[in-house]
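In this text, residue positions in the sequence shown follow my numbering: the first is 8, and each later residue adds one.
Backbone N, C-alpha and C fix where the C-beta goes; we use that ideal spot for every residue, glycine too.
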Amino acid sequence: MLPDRKICLAWYSCRFIIFRWKRQNVHFEAKPPATEAEAAETVVRIVTRIAELPADAWNALAGDSPFVQHAFLHALEATDCVGAHIGWEPVHLALFRDGRLDAAMPLYVKHHSWGEFVFDWAWADAYRRHGLNYYPKLVCCVPFSPVPGPRLLARNDADRAALIQAALKLTRDLNCSSLHILFPTEPDHAALNATPLLHRSGFQFHWNNAGYASFDDFLAAMTHDKRKKIRQERKKLAKLGVSFRWVEGAQSTDADWDHFYRCYADTYDRHRSEPHLNRAFFASLRETMPDKLVLIVADKDGEPTACSFCIKDGQRLYGRHWGTLEYVPGLHFETCYQQGIEYAIDKGLQVFEGGAQGEHKLARGLVPTATHSWHWLENTEFREAVDRFLERETGAISHYMDELDGPFRREPPG
């Protein structure tokens with residue numbers, strides 16, 4: 008299976024692969040670049056390097072979401088953070104109409120489930136125990152980034168449906184076990200709900216700006232115990248000589264990024280693992296999208312000691328990575344969550360996303376927020392079994408979210 012698939016991908020990388028749309032059916036045809044007559048047709052190419060696609064046209068489809076911007080996905084590829092060598096093979100779908108990029112889908116052939124944050128390890132194990140291969144699989148996501156956003160980059164539901172159909176066909180043509188579309192947001196949901204793909208519910212913890220004028224205003228909305236604990240932690244950090252500064256990407260220096268990466272890499276090293284992202288990746292983002300980047304730097308006695316890396320758009324701040332050079336009580340929560348919330352209030356942002364997992368975030372003002380994914384398994388028996396599992400899991404997640412006790416006062420402060 009694997010050699011045939013690799014031959015197939017090698018063919019894709021050197022030729023145009025064109026889907027012709029006839030009565031909702033998709034047909035593969037390998038051809039040289041399109042002629043003028045063919046340019047009037049709707050065609051879908053499989054692209055193994057996003058650099059082959061026009062950045063402006065891609066970004067027009069991606070909207071404000073920074074994680075599906077051409078520069079972000081290109082940085083992952085150009086710095087070897089994704090690629091066949093680590094089990095992330097790009098096979099992006101690009102739908103052209105009259106020679107213009109009209110829809111696209113970030114897509115990867117995966118040989119493992121690391122870096123996705125919608126956990127299907129149990130599914131892979133079940134396949135293995137029954138003598139079947141779960142990998143390779145096809146995944147539509149942003150590598151190493153559990154951030155909800157657009158996945159079917161299109162202007163209308165018809166093109167979204169076309170992308171889904173093309174992805175399903177590619178799943179079969181590459182002998183992949185399954186197709187997974189992770190963390191899509193509206194309007195992708197409607198297009199996905201119109202397909203036989205299986206819906207999976209999840210949740211993360213996000214902070215929502217209720218029109219707070221200041222961080223103290225935000226604290227006033229919390230319960231007494233939660234408010235008291237955060238204030239005590241901040242006082243303790245101040246007594247230890249810890250202060251914070253926000254460094255915008257456009258004003259950042261090499262020293263700022265060297266410090267962040269040292270913190271980031273050291274944290275992985277202490278857990279005896281390798282960072283997913285290299286220094287060159289962050290340098291690429293600093294060069295191509297500096298207005299989207301924020302470093303929250305913690306100084307202790309005037310010397311940098313910790314740092315968190317955030318990405319922002321017009322409405323949201325996304326806490327992505329952090330690290331520290333020494334353990335300081337309370338430093339993690341302040342650097343990763345409280346400072347992010349304070350920054351969002353100061354800049355008028357509406358949401359702070361604190362990343363995947365972590366019920367401990369509830370006490371910091373982040374509340375459970377639903378996330379979604381859709382899945383297609385080629386094996387009928389396993390697809391039916393997973394469908395039954397997801398029905399039970401959805402009920403359990405809904406009950407769990409309802410039972411969580413929020414950090415805010417039930418009555419507004421008088």
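By the three-class DSSP mapping on this structure, what secondary structure does residue i have?
{"i": "Ile404", "result": "helix"}
{"i": "His231", "result": "helix"}
{"i": "Glu48", "result": "coil"}
{"i": "Pro39", "result": "Note that Pro39 has pLDDT 37, beneath the 50 cutoff, so the model's placement of it is unreliable and the number below is only indicative. In this structure, Pro39 counts as coil in the three-state DSSP scheme."}
{"i": "Ala169", "result": "helix"}
{"i": "Gln357", "result": "coil"}
{"i": "Asn66", "result": "helix"}
{"i": "Gln239", "result": "helix"}
{"i": "Tyr334", "result": "coil"}
{"i": "Leu300", "result": "strand"}
{"i": "Cys147", "result": "strand"}
{"i": "Val116", "result": "strand"}
{"i": "Phe126", "result": "coil"}
Based on the DSSP output, what are the partners of residue i in its beta bridges?
{"i": "Lys319", "result": "Leu324"}
{"i": "Trp381", "result": "Ile188 and His206"}
{"i": "Phe103", "result": "Val50 and Leu108"}
{"i": "Gln211", "result": "Thr376"}
{"i": "Ala305", "result": "Phe251 and Ala313"}
{"i": "Leu160", "result": "Ala111"}
{"i": "Gly256", "result": "Bridge partners of Gly256: none, in fact."}
{"i": "Gly90", "result": "Trp95"}
{"i": "Trp329", "result": "Ser315"}
{"i": "Phe415", "result": "Met229"}
Could you round the C-beta distance between residue i and residue j to whole angstroms and report it? I think they count as a contact, below 8 Å.
{"i": "Leu411", "j": "Leu369", "result": "6 Å"}
{"i": "Tyr142", "j": "Phe389", "result": "Contact doesn't hold; Cβ gap of about 14 Å is too wide."}
{"i": "Ser72", "j": "Asp273", "result": "At roughly 30 Å, the Cβ-Cβ gap does not stay under 8 Å, so Ser72 and Asp273 are not in contact."}
{"i": "Arg371", "j": "Gln345", "result": "6 Å"}
{"i": "His118", "j": "Gly94", "result": "4 Å"}
{"i": "Phe210", "j": "Ile404", "result": "6 Å"}
{"i": "Glu391", "j": "Arg179", "result": "No, Glu391 and Arg179 are not in contact; Cβ-Cβ is about 18 Å, not under 8 Å."}
{"i": "Val116", "j": "Leu181", "result": "6 Å"}
{"i": "Val374", "j": "His213", "result": "7 Å"}
So is residue i buried or exposed if we call it buried at 16+ other beta carbons inside 10 Å?
{"i": "Asp127", "result": "buried"}
{"i": "Pro414", "result": "buried"}
{"i": "Ala227", "result": "exposed"}
{"i": "Thr260", "result": "exposed"}
{"i": "Arg52", "result": "buried"}
{"i": "Pro61", "result": "exposed"}
{"i": "Glu366", "result": "exposed"}
{"i": "Asp195", "result": "buried"}
**Item:** Inter-stretch contact at 8 Å, needing at least 3 Cβ pairs: the region 337–355 / the region 302–319
**Value:** yes
**Request:** Kindly confirm or deny that the region 194–213 and the region 380–398 touch, where touching means at least three C-beta pairs closer than 8 Å.
**Result:** The region 194–213, when compared against the region 380–398, does touch it at the 8 Å Cβ threshold.
**Message:** Does the region 69–89 come into contact with the region 162–176, if we say contact requires no fewer than three beta-carbon pairs (one atom in each stretch) closer than 8 Å?
**Reply:** no
**Request:** Could you tell me whether the region 96–109 touches the region 347–364, where touching means 3 or more Cβ pairs closer than 8 Å?
**Result:** With a cut-off of 8 Å, the region 347–364 and the region 96–109 do not count as touching, because too few Cβ pairs lie within range.
**Request:** Would you be able to state if there are at least three C-beta pairs under 8 Å between the region 137–154 and the region 180–197?
**Result:** Output reads yes: the region 137–154 touches the region 180–197.
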